[in-house]
Each structure stands twice: as structure tokens, then as C-alpha cells.
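K.L.:
Chains as they are written, first to last, in the numbering used here: chain W, 330 to 594; chain Y, 9 to 957.
Have a look at this one:
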């Protein structure tokens, strides 16, 4: 099955000849995205002809073997990295046509990020880390502090508000990272192996948390190696050698079977 | 030099062994050093300044030493000893006796005699005058044979015939004449016209001069012409100086080694005559050594602030290197590397940096020394005082500077490597923070030991007013109290109190014990600066929480400000090191700037003190002095106080050693006119009472405040009540005197010791000529115009007249230039701070690459990232400069306001200079941060996060 056919089937999305998303509900649309890494005379095609449509509120898991281009896909689609060809539309906005300043502002306002290595700012407390994107989005200092504390309480860290990252366990650090990604109420959250550095218990609690947020309507694009984590998603995309080779819906009538298939795999 | 080489080899031995025989450690060390060449270059750059500063100081010392030695060649040449006769008869007799000195130790004897004269050339409007020339008579053929090196004597050609003379290049230049020209020499009441046969260099006998001036303006004539000139000597003029010069076997400098032996032989040969015998060459060379060492020590002491700052930078760099490689080091330990091997690998890498840095630093130091010598030249040259510097670098000094810089750097690196190796493997691999250090009992015991040692040191130092013990004893006690106090009180409060106590003690110690500050070495002030800076920075670092909360309250919205301050506030150890780096250098810079400013402000007070009732100082040729009567008749003169100067010998109580020092006799006219102010009048109620007592009592003397500061016993400082033997070095006649008072420093007038006329004349007889005067002018007479007029009116007397204010201005200007030189040199230390912050920031950008990536991913604008780095650098520089400046001003205030160590100087703050200095420092630090800040803004989030999958 062709990727476009899958997309049409699973998301009810159609791509017009001009490449504009036809479905008003789509939050993310990519058109023939290409990314090449160059090192001296060598070049490696990291993404090739990537077409993808993600509707608002979908939880998408991206899987693939190491070096397949999963993280590159996430970086390029979120605007953290440049692309060599194609277009990426987030909320209808072609993000790679924006200036660095505009793109940065867009990220601060509409996106949240969760990384495998947590990437908290070590000299900030948990509260300060979480309020950072709020302040970047222009929220008032007192409101930001309040919302940061509320978000941390929500992720179960109400008793760790003034601790620095080094004073928290891995699971707690990742919860702070989740809180940081959510505090600004983003439209879309990008998560790169968010459970990669956690034990299974911690991983489950973080994924459950993401699941809850998704239930509240948040769009999540999650890169993972772990089929158990991917099984929580609505949709599973498989990438290999920079190409989208498989796209499955994990929600809907056949979802259970697919989930089992994914988990066993 | 070989000792230095041995020390360097000894320190290098373990590292050379590792490099030769431990392939794994060698590979680790070399590959880590070569891994990031740009950053390795930065580490080397940051570390080389210590060696550069040490080398620069040594080069200045070498230059001073060599310049004085050069002066010995120019003014003495082969002369090693001078025998001074009382009269022509003795002179001839001594000459005859000394010719029988053994050839095994002496290779020349020559007689020469000299007197001062005014010399002119030209007529009318083109008249050129040299008031302070010297007429020297000797036989040229004998002179050339003197010392078996004609070239070293500077003498060439036959002895000038009657009516002819040879002159030195300095005189030829001053008079603008050459061979064939005619000059007029004024001495002993009448002028003589002489034709210039040839111009000789300022060298050896031709350049003979004991005036202490750089130039030798000599008129060289035959003994016959000389005798003819002296024959007309009127009463009231000084007789010529009759010398028999002796050259020891050996070269110009090496001959001085025989001085003890030859001096004994001369004394034996002249038994019964008892002339003054001076081992003049050795004195010159000793002065050269002493001055060279003094300058090296002075510059090293001041440079040591920069060297310490450099060491802090080195420590900081290694802390950052260790932090960056934490997980690698943990992994190395995990796979089986022993702790000692880790130290070996890390220290060997540091050894490579230290070796390169010390080699480069030594080379840079030579350049720095060249700059310092060029600056110094202008500081040592004024209208009436000139001293030429000959840039010199001795290989031994270079080796010593290299080894000091190298050894200090290697020891620091080894200490840091040992600290780095004490890591917990798991925590290092997982990059988890170290838990708070356990309270170990051994620290408690070490603390008690430190308290006991500090107390002992303090008690012993207070008994002898020993400054180091008084400063460091209590400091050691405060340090020792820390482990105990932090157990019984909140640690931060206890540590803050101890840090504050250290600062307070450092600032007050010399106000509480003023005697200990007198004669204290510069190193003592270095120690004081380091103690106070350490206390101040520790206190400020401990109080950072207040700044942190204030920041949240007022600056929470400005994210770059919050981020910029978050790192220094969170990493206090590192911040403390960088802040200390700045504080140390700014401390000494502020200290010198403020002292220079306060001394400059003293010029009018100092002029009033030195002047007393006089406005103008006059001096003339001793062979043809202007008479008091003639001076008094000059229009505009209100009163004249004649002064007569001779070179006297002084012996301290219970010491057989004699020291030559100028002595000035004064009479009652000075007391009537209004004498100069006294620095210390002892038990006398008024200055006038002290002057009157000294005038009337030959057992009393007023001491020069600089008495025996050069050439005297170490740390000697003359005091009221000191007993001295005053000796006429020509006759050996002596008189016991007591110091009744201390005069104020008189700058370029240089009266020396002041003694009543009656006693002076009794001791020195007709050698004491009233060739100097203080002149009081009638109201409305301009001193400068008067001085200029007087000089031209009494041109043939070799008259030099100066308004006292102008002379004091010149002296203060020289002092000011020396302070400027110090400031310039100390600014090199600032380079350590500024280069340091640049290096620290470059490393910080690397270290925080991932965090910057995260921030950018979260929507932090690139400009804000750059701004946060600038804020961080500015904050560290500002904190360091403020702490350094405030502590320096506090120290100065306590020294000046609470003790007499600085005499009449009053405390004042040079607001403008300090603002420029501090703002310039912070600004330069910000400029140094531009490159790392820009590189931080260019970091691409995806690359920094290494999100490759």
C-alpha cells in the first residue's frame, strides 16, 4: 500500500496537487520532505520524499531501527533542523519559510518538547524549568510561577518544586520535562525517546501521563524504540533508511490486533 | 642555571617516564591534548601569563643591574679603588707610595684631580652654558696605560697642551661644540679660555664622575693646566678633590673581586697619611646587584597578583576540563584504570600544557620586559635627573623565570588531577551530582591544630611587631575555627562570619599595630591583598542567595538576565575562582591608583613643607660659588639662608661599618627665614624649637627620612633618638650625634642630613662651602622668573636656580610616572582576568551546548542566549572589580587614617580614575565575551541536542 493511500485511509486526509492540506483538521502536513547530511565529500540521505498528514489530537508513534531517520524526522518536522527539500506545514504555516526568530517564537508558543536525556537546565529548579516556556510565551511572571507549580503538581511533583535536576531521580526529571512541555499548553508535543533513560515502572508512569494528555486532545509525535510505548499511540509510523515504509492506525476497529502485533514485534 | 635545569628535569621526570614507558597513559594524555586543538591553545594561552609576568619582572631587574654596571664602565672604567688625598702634597706622596703596590693584584695607578666649574661656549645671543661641568686633570699617556686596557679608559691622543682641552661627548653636545672650538671655564674666581682638541666618549677615566648623574660633562686638561687653575683659588671656594685611582688585575668588573686585598695593601702603603680609601667599583657593583634585585622583587611582588590570578584561572580551567570529561573519567575507572593512573594521565596532559605555556610565557615575558623598560626610561628621566636604561636579558633569569612558572603550574595541575581522580565511578558515568561532603573528624582536628598554630604565631609576632605573623596568625585561626563553628551554628552563617572577620582583620591589622607596617616588604602587602580578597570573595559568594531572591523579585521577566545569573549563582566554587581572579588584580590596581592620586594631591602641602619661608633654591659651583652677599643684593630677594654640603660618613651605634651620605650645614638665617617642616620633631614642642636646638648643639642632628634606605642595613629606618658617629671621610675626624628630629622628604633638593653650621665647619673645614642657598623673595616676585633671571646673572658661578614649587612638581611628576609604570605593569594582570573570562566563557559554551540546544528548542531566542553569556561575564567581572576596589580602598583608609605609615597623606578616592578603571575592566571583559557569546547564538538546536537516530 502506498503511503498516500494509507494516509487517506487512516486520517481521512487528502493532499491537493498544490500540496496544501485539504483537511482543516490537520495540524501537521509534510510534502516530499528531503534531508541530507553532508560530511566532506560524503552525503547521507536521512529523509527521502516524506509525505505525512497528522490530524489535530492524534498520538503518533514513530518507530524504526537505529539510524533509520526517526529523530531526524522529528527534528525536521518540528523545525529544530533545516530540510533540503519539500515543505512542513504546522497549523498551515510553512515553518521552514519562517525566519529563525519567527520559528523560535512559534516553537515557544505552540510546541512542547520532551527528550530522552531530559535536558533540563541544571542551574534552574524544577519550577524554574517549567516556567521557562511560559515566560518565553509572554506569560506574566506570577502567572507563570503559578501555572508551573500547578503543572508540576499534576505530574506528581508537588513536593519537589524547588529541587534542582541533579537532586531528582531520572523518572522525576522526565516528569519535570513533561511538565515543561505541557505548561505552555502547546498545540503539539514532540517526544524523542522519552522513556529511553527510564526503568519500566517510570516509563509506564510517563507514558500514562502522555496518554492522559492525549485524551485531553493534545497532539503528540513520539519517537521510540519500545513497541510497548508505541502501543499507546493512535497511529504507528515506521521509518527505514529515511523513508516512511509503514503507517498503521492503532485506534479503531482493528486496533487491538495491530497493537498486539506491534507489541509482539 | 644548571640548578634550574635540574629542578625542571626533576619536576618533569614522572611525566617523561609516563610519556616514554606508559603507552596507554601517554595515548590518553596526548590524544586528549590534541583532541580539540583550539581549546588546548586556549588553555595554554590562559596559563602562559604567569610565566610572562615573572619573566617580565626579571628582565626589568636585569636591565637595572646592567644599566648601573654600564654606568660603572662609563664613569670608572678600570678604576677599582679611589684614594682621596687632603691636599696636593699628600696626593703626590700617595701616588708615589701606591706605585709600589704588588703587580700580582694591581695593574695600574693614576693620579687625577677635579673641581666643579661653569663652562660656556659662544658669545652674546648664541651663548651656551653648562653650569655643572667638571674640570679633570691627568696625564693622558699614564691614563691610557692604566689598567692595561686603553680602550676601557676612554682616553685617546696626547695630553692637551696648555690652553687646550679634550671634552666629553656629553659636554660637546650640551655646548654644541666640536674639535677646534673654544670654551670658557669659570673656576676659582677667573675664566680660562681653552681650545677643544678632541671629543672623548663617556667612558672610563674620560667619563670619570661621582656625581650620580648619567652624563659626564668633563673638561679634560693636563696636570699642569689644572694646577695653574687651582693656584688662584680664593677663600670661600672648595679645594679640588685629589684622587689616586687604582686598577686591580682583571677586567673592568672582575677586578673588583680583589678589592678587599688591594684596599688592605693601599692602607698599608699609605700608613701615616691615612687617606680616605674607597672600593668604589665594588660599591657600584653592589648597588647594581641591590637595585636589580629590588626592582625584580618589586615587580615580582606586584606581578604576583597577576600570577595568583593566573593560577586561579588554571585551576578553573582544570575544574571545567574535569567536569566536561566526568563520564569519560568514570568509564576509565570502570574498565580498570587505577586512581593513580588517572592522575598520571590527567596530569601528563596538564604537563604538556604547562610546558608549552611556560616556554611561550617566558618568550612573551621578554617582550613584556621590553615594554616595561621603554616605559621606565621616561619615568627615570626628568629635566634634572636622568638615568639611561640598557635593555638586558640574562639567560640565568630566563631559566629561573621559566622554571618558577613551570613548577608552579605543574604543581597546581598535579593537585587538581589528584582532586579530579577522587570520583565515584557510578556518579561520574551517570553524571550525577556529588552528595554534600561528609563532616570528617580529621578536619575538626586539623582546624584545632590550625587555631593553635595561628595563636602561637600571633603571640610571637605581636611581641616583635612582625607583620606577616600579625596578618596571617589570626587569619589561620579564623580558618581553623571553620570546621568547629559550622558544627555548632548554621554553616553559612558561621562561614560568613569567619570570612567577614578575615576581611576586617586584614583591613585593620596595620592600624592596630602601626609599628609593624614600618619597613614592611611589598610581599607583606601582597599577602594582605590575597587574605582580604579571599575573605571578601568568600563572604560575597556565601551571600549570593540574597541576590538570587532579589533577582526573582525584580528581574524574573528578563529571561536572559535570569539565565545569565543562574550559572554563576549555582556554581559558586567556579564563580568564586573567577571573581577572585578579578578581585586580586583590581585590588592592587586600585591600591596603586589611589595612592598615586593621594600623593599627587600632596604636592602643594609637600612644597609648603619643604619650602619653609623660602621660595627659591639656588646651587652653584663649589669652585666658584655665588656669594651670599651677591645673592642678597639681587633685586627681589628678601632673605638668603646659605647651606653648605659635604659628603660625610656615618656609623650606626655599635656598628663599625661606615656609610657615605650627604650632610648639609645650616646657620641661623634658615631658622630666622622659616625652616622646612619636620616629619617628626621628637620631644620638641615646635619645629622651630627643634631646628634651634640642632643649630646650637653640635651633638644633635636632623635626619634625612631616606637615610640609609639604600646601602644601609636591611629594613633600617632612622628614628628620633638614634645615636650615630658623624665622620669626615677625608680626615677621619668624628663626632657623636643624636637624631633630634626627622626632616620631610625634600625631593630633588637632596639636603641629606641637616647639621648646625658650627659643628659642620669644625668637622669639615674648608671643604664646607656655602654653594647652596634657600632664598626668600619679596612679595610679588615670581619665583620662576626670578630663578631664570638669577641663573643668567650668575652664569660664571655655575648657578642653577629653581623655584621650589617647580622642583617639587618635577619630583612628584617622576613619582607619578613610576606609579603609572606600575599601573601599566599591573594592567598585564588584568589581561589574565580578561583572557581568563574569555577562556572560561568559551569552555562554558562547549559545556552548555546541549542546554543551549534545549533552550533554543523551547523557544529561547538566539540573541537572548548570547545576551545571557554577556550578562554572566559582566556579573563576574563587576563582582570581582567591586570587591577588589572596595577592599583596596578600605585597606588604604585604615592605613592612612589610622596609622602614621603614610605620613601627611590624607585619604581621598580618585573617583574618576577608578570609574574609568573599573568600567574599562568590565567593558573589556564584555568585549572578550563577544566571540563565545556569538558562537553560542550560532548553535543549532538539533545539532546541539545530538538528536540522531
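Yeah, the Cβ is synthetic: ideal placement off N, Cα and C, and Gly gets one too.
So with CB distances below 9 Å, who are the chain W contacts of residue 859/Y?
P.N.:
Reading the second chain from its first residue, position 851 is the one you call residue 859/Y. Correct list: 448, 449, 450, 451, 452.
K.L.:
Taking the alpha carbon of residue 877/Y as the reference point, which residue from 773/Y, 900/Y, 850/Y has its own alpha carbon closest?
P.N.:
Reading the second chain from its first residue, position 869 is the one you call residue 877/Y. Residue 850/Y is the option with its Cα nearest to residue 877/Y.
K.L.:
Nearest chain W C-beta to residue 18/Y closer than 8 Å, yes or no?
P.N.:
In the second chain, the residue the question calls residue 18/Y occupies position 10. Not an interface residue.
K.L.:
Assuming the contact rule is C-beta atoms closer than 8 Å, residue 240/Y and residue 215/Y should be a hit. Round their C-beta distance to whole Å, please.
P.N.:
Residue 240/Y sits at position 232 when you count from the first residue of the second chain. Residue 215/Y sits at position 207 when you count from the first residue of the second chain. Contact doesn't hold; Cβ gap of about 27 Å is too wide.
K.L.:
Considering only C-alpha positions, which residue in the set 495/Y, 462/Y, 420/Y is nearest to residue 452/Y?
P.N.:
Position 444 of the second chain holds residue 452/Y. Answer by Cα proximity: 495/Y.
K.L.:
Compare the C-beta of residue 512/W with all C-beta atoms of chain Y and state if any pair is closer than 8 Å.
P.N.:
In the first chain, the residue the question calls residue 512/W occupies position 183. It does not: the Cβ of residue 512/W has no partner Cβ on chain Y nearer than 8 Å.
K.L.:
For residue 667/Y, write down the residues that DSSP places opposite it in a beta bridge.
P.N.:
Counted from its first residue, the second chain places residue 667/Y at position 659. Residue 667/Y is bridged to 658/Y.
K.L.:
Given this structure, state the Cα-to-Cα distance separating residue 657/Y from residue 165/Y, to the nearest angstrom.
P.N.:
Within the second chain, numbered from 1, the residue matching residue 657/Y stands at position 649. Within the second chain, numbered from 1, the residue matching residue 165/Y stands at position 157. In a straight line, the C-alpha of residue 657/Y is about 38 Å away from that of residue 165/Y.
K.L.:
For the segment 860-893 of chain Y, list every residue whose C-beta sits within 8 Å of some C-beta in chain W, in sequence order.
P.N.:
Those residues of the segment 860-893 of chain Y that come within reach of chain W (Cβ to Cβ, closer than 8 Å) are 861, 862, 863, 864, 865, 866, 867, 868, 869, 870.
K.L.:
Is the Cβ of residue 437/W closer than 8 Å to any Cβ of chain Y?
P.N.:
Position 108 of the first chain holds residue 437/W. It does: the Cβ of residue 437/W has a partner Cβ on chain Y nearer than 8 Å.
K.L.:
Could you run through the segment 939-951 of chain Y and flag, in chain order, every residue whose CB is less than 9 Å away from some CB of chain W?
P.N.:
Answer set for the segment 939-951 of chain Y: 948, 949, 950, 951.
K.L.:
Listed in chain order, which residues of the segment 557-584 of chain W have Cβ atoms closer than 7 Å to some Cβ of chain Y?
P.N.:
Listed by position along the chain: nothing, the set is empty.
K.L.:
Find the nearest neighbour of residue 544/Y within the set 354/Y, 140/Y, 515/Y, judged by alpha-carbon distance.
P.N.:
For the purposes of this step, residue 544/Y is identified with residue 536 of the second chain, where counting begins at 1. Comparing Cα positions, the closest option is 515/Y.
K.L.:
Considering only their Cβ atoms, is the gap separating residue 626/Y from residue 781/Y smaller than 8 Å?
P.N.:
Translated into the one-based positions of the second chain, residue 781/Y becomes position 773. Translated into the one-based positions of the second chain, residue 626/Y becomes position 618. The answer is yes: Cβ separation under 8 Å.
K.L.:
With 16 other CB atoms within 10 Å as the buried threshold, where does residue 717/Y fall?
P.N.:
Translated into positions along the second chain, residue 717/Y becomes position 709. Exposed, since its Cβ has fewer than 16 Cβ neighbours within 10 Å.
K.L.:
Quick check: what's the CA-CA separation for residue 489/W versus residue 457/W?
P.N.:
As a first step, residue 489/W is located in the first chain; it is residue number 160 there, counting from the start. As a first step, residue 457/W is located in the first chain; it is residue number 128 there, counting from the start. Between residue 489/W and residue 457/W, the C-alpha separation is close to 12 Å.
K.L.:
Report the three-state DSSP secondary structure of residue 424/Y (helix, strand or coil).
P.N.:
Along the second chain, one-based indexing puts residue 424/Y at 416. DSSP places residue 424/Y in helix when its eight states are reduced to three.
K.L.:
Below 7 Å CB to CB, which residues in the same chain sit around residue 17/Y once its five sequence neighbours on both sides are set aside?
P.N.:
In the second chain, residue 17/Y corresponds to position 9, counting from 1. Excluding residues within five positions, none has a Cβ falling inside 7 Å.
K.L.:
At the level of alpha carbons, what is the spacing between residue 520/Y and residue 729/Y?
P.N.:
Counting from 1 along the second chain, the entry for residue 520/Y is found at position 512. Counting from 1 along the second chain, the entry for residue 729/Y is found at position 721. Computed Cα separation, rounded: 24 Å.
K.L.:
Could you run through the segment 823-840 of chain Y and flag, in chain order, every residue whose CB is less than 7 Å away from some CB of chain W?
P.N.:
Cβ contacts with chain W come from no residue of the segment 823-840 of chain Y.
K.L.:
Using the beta-carbon of each residue, which ones in chain W are nearer than 8 Å to residue 331/Y?
P.N.:
The count along the second chain starts at 1 and reaches residue 331/Y at position 323. Residues of chain W passing the Cβ test: none, with the nearest at roughly 11 Å.
K.L.:
Would you call residue 360/Y buried or exposed, if buried means 16 or more other Cβ atoms sit within 10 Å of its Cβ?
P.N.:
Within the second chain, numbered from 1, the residue matching residue 360/Y stands at position 352. Buried, since its Cβ has 16 or more Cβ neighbours within 10 Å.
K.L.:
Out of 640/Y, 407/Y, 206/Y, which one is the CA nearest neighbour of residue 15/Y?
P.N.:
Along the second chain, one-based indexing puts residue 15/Y at 7. Of the listed residues, the one whose Cα sits closest to residue 15/Y is 407/Y.
K.L.:
Report the option in 892/Y, 24/Y, 277/Y whose CA atom is closest to the CA atom of residue 589/Y.
P.N.:
Against the second chain, residue 589/Y aligns to sequence position 581. Among 892/Y, 24/Y, 277/Y, the Cα nearest to that of residue 589/Y is on 892/Y.
K.L.:
Excluding sequence positions up to five away, which residues of its chain have a Cβ less than 6 Å from the Cβ of residue 536/W?
P.N.:
The count along the first chain starts at 1 and reaches residue 536/W at position 207. Same-chain partners within the cutoff: 558, 561.
K.L.:
Just the C-alpha distance for residue 863/Y and residue 450/W, rounded to the nearest angstrom, thanks.
P.N.:
What you label residue 863/Y is simply residue 855 of the second chain in a count that begins at 1. What you label residue 450/W is simply residue 121 of the first chain in a count that begins at 1. Those two C-alpha atoms are separated by around 8 Å.
K.L.:
I'd like the list of long-range same chain contacts for residue 547/Y, defined as Cβ closer than 7 Å, with 5 residues on each side in sequence excluded.
P.N.:
The count along the second chain starts at 1 and reaches residue 547/Y at position 539. Hits under 7 Å: 504, 507, 508, 511.
K.L.:
Tell me the DSSP secondary structure of residue 595/Y in three-state form.
P.N.:
As a working note, residue 595/Y is residue 587 in the second chain. Reduced to three states, the DSSP call for residue 595/Y is helix.
K.L.:
For residue 552/W versus residue 403/W, is the C-beta distance shorter than 8 Å?
P.N.:
If you number the first chain from 1, residue 552/W lands on position 223. If you number the first chain from 1, residue 403/W lands on position 74. Contact: yes.
K.L.:
Should residue 681/Y and residue 647/Y be called a contact, given that it needs their Cβ atoms to be closer than 8 Å?
P.N.:
Translated into positions along the second chain, residue 681/Y becomes position 673. Translated into positions along the second chain, residue 647/Y becomes position 639. Cβ distance < 8 Å, so residue 681/Y and residue 647/Y count as in contact.
K.L.:
Give me the Cα-Cα distance between residue 736/Y and residue 777/Y, rounded to the nearest whole angstrom.
P.N.:
By one-based count along the second chain, residue 736/Y stands at place 728. By one-based count along the second chain, residue 777/Y stands at place 769. Residue 736/Y and residue 777/Y: Cα-Cα distance of roughly 15 Å.
K.L.:
With distance defined between alpha-carbon atoms, name the residue in 518/Y, 433/Y, 434/Y nearest to residue 470/Y.
P.N.:
Taking the second chain and counting its residues from 1, the one referred to as residue 470/Y is at position 462. Checked all of 518/Y, 433/Y, 434/Y; the closest Cα to residue 470/Y is 518/Y.
K.L.:
Between the Cα of residue 180/Y and the Cα atoms of 311/Y, 94/Y, 207/Y, which residue gives the shortest distance?
P.N.:
As a working mapping, residue 180/Y is identified with position 172 in the second chain. Out of 311/Y, 94/Y, 207/Y, 207/Y has the C-alpha closest to the C-alpha of residue 180/Y.
K.L.:
I need the straight-line Cα distance from residue 546/W to residue 389/W, nearest angstrom please.
P.N.:
Residue mapping note: residue 546/W aligns to position 217 of the first chain, counting from 1. Residue mapping note: residue 389/W aligns to position 60 of the first chain, counting from 1. Roughly 13 Å separates the two Cα atoms.
K.L.:
CA-CA distance, residue 280/Y and residue 253/Y?
P.N.:
The residue you call residue 280/Y lines up with position 272 of the second chain. The residue you call residue 253/Y lines up with position 245 of the second chain. Taking the straight line joining both Cα atoms gives about 19 Å.
K.L.:
Suppose contacts are defined by Cβ-Cβ distances below 8 Å. Is residue 684/Y in contact with residue 767/Y by that definition?
P.N.:
Position 676 of the second chain holds residue 684/Y. Position 759 of the second chain holds residue 767/Y. For residue 684/Y and residue 767/Y, no; Cβs fall outside 8 Å.
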